Amino acid sequence: MLPVTIPLILAIVAAQGIIKNPDGALAFWFSIIPFTSPIIMPLRVAVGQYEIWELALSVGRLIVTFLATVWLAAKMYKVGILMYGKKISYKELWKWLRYK
Numbered sequence: 065m066l067p068v069t070i071p072l073i074l075a076i077v078a079a080q081g082i083i084k085n086p087d088g089a090l091a092f093w094f095s096i097i098p099f100t101s102p103i104i105m106p107l108r109v110a111v112g113q114y115e116i117w118e119l120a121l122s123v124g125r126l127i128v129t130f131l132a133t134v135w136l137a138a139k140m141y142k143v144g145i146l147m148y149g150k151k152i153s154y155k156e157l158w159k160w161l162r163y164k
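Using our numbering, the letters of the sequence shown correspond one by one to residues 65 to 164.
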């Protein structure tokens, strides 16, 4: 769970500085990184400091990342569902991603 929660916690902490400067470089980069954009981009929209192309870029990257994540999860699930009761390591996950 830690790899999933760290970007969210980082975005919440960065939101305090982004409220003060919603047009800065930190706000821009955090709003286009897919793991922090669900928190930062709505904040920038609420403050009113964004360009339409930034919003489109953020949403587009978020959709592509979502589809890629679902595809990877489906690949892991397809192989992993047959590994009943076996403990999984990162090395094992890498093998599952490479199966055809």
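Think of the CB as a built atom: it goes at the ideal place given N, C-alpha and C, for glycine as much as any other residue. This structure is a prediction, so every number in the text was calculated from the model and none was measured.
Counting the other Cβ atoms within 10 Å of the Cβ of Y141 gives fewer than 16, which makes it exposed. Of the residues assessed, S122 falls on the buried side of the cut-off, its CB having 16 or more other CB atoms within 10 angstroms. From the listed residues R162, K150, V111, the smallest Cα separation to W135 is found for R162. With contacts defined as CB atoms closer than 9 angstroms, G124 and P86 fail to qualify as a contacting pair. By the beta-carbon neighbour count (other beta carbons within 10 angstroms, threshold 16), I116 is exposed. If you check the CB distance, A120 and T100 do not come in under 9 angstroms.
In this structure, W158 keeps its C-beta atom at 9 angstroms or more from the C-beta atom of V143.
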